[in-house]
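Each remark here refers to the structure printed beneath this line.
In the numbering used here, the protein residues as written are 6 to 185.
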């Protein structure tokens, strides 16, 4: 599951739809949800293997003959298992939902970043939402000016094909239109 999501997010980062730093933050946050599934299984298998090994090596027989009851063995095992159960409870009820909310917020913010913030100089980048392809040979250090620009917007029902070629370009905010 995580490798498929990781590949999807890396592909989006390669096309400029997501920032690379955001991809790793998203994956770290998603790992909290996976831990809620993995920890109980790991605790069960660890307990099963530990007690199985104790019985196979006749360690339980030695412990019982020296006065340790099976109830005491169970109590010893329940202490770390109780800690793991509380940790899984916190993980699944508090931390994982909060991490999931953060991931959704980051993905939402990435949708509405300005186009310049996602431009990778020297690479054609397609954007499915805007149905356009953008190429900029260079990007200024302050990420406000593009140089040697090519923009192609595919035809839509309402809009005809659009091709823009310019030596440089800047983005500005129009207060009247409330848009960039």
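Glycine residues also receive a C-beta, built at the ideal position from the N, C-alpha and C atoms.
Just so you know, these numbers come straight off a predicted model, no measurement behind them.
| Item | Value |
| --- | --- |
| Spatial distance of residue 98 from residue 142 (CA atoms) | 48 Å |
| Distance CB(residue 189)-CB(residue 86) smaller than 8 Å | Absent from the structure is residue 189, since the part of the chain shown begins at 6 and ends at 185. |
| Cβ neighbour criterion (16 or more within 10 Å) applied to residue 60 | exposed |
| Straight-line Cα distance separating residue 137 from residue 155 | 10 Å |
| Segments assigned beta strand (DSSP E), at least 3 residues, entirely inside the region 136 to 172 | 137 to 144, 150 to 158 |
| Bounding residues of the alpha helix (DSSP H) (the contiguous stretch that carries residue 80) | 75 to 95 |
| Local conformation of residue 41 per DSSP, three classes | helix |
| Pairwise C-alpha distance: residue 162 and residue 128 | 28 Å |
| Among 180, 27, 35, the one whose alpha carbon lies nearest that of residue 101 | 35 |
| 8 Å Cβ cutoff met for residue 32 and residue 56 | no |
| Spatial distance of residue 66 from residue 76 (CA atoms) | 14 Å |
| Closest by C-alpha distance to residue 88, when choosing among 106, 44, 13 | 44 |
| Where residue 57 sits in the DSSP three-state scheme | helix |
| Simplified DSSP assignment, three categories, for residue 72 | coil |
| Classification of residue 18 by the beta-carbon crowding that lies within 10 angstroms, buried from 16 upward | buried |
| Environment of residue 38 [buried if 16+ CB atoms lie within 10 Å] | buried |
| Nearest-angstrom Cα separation, counted from residue 72 out to residue 58 | 20 Å |
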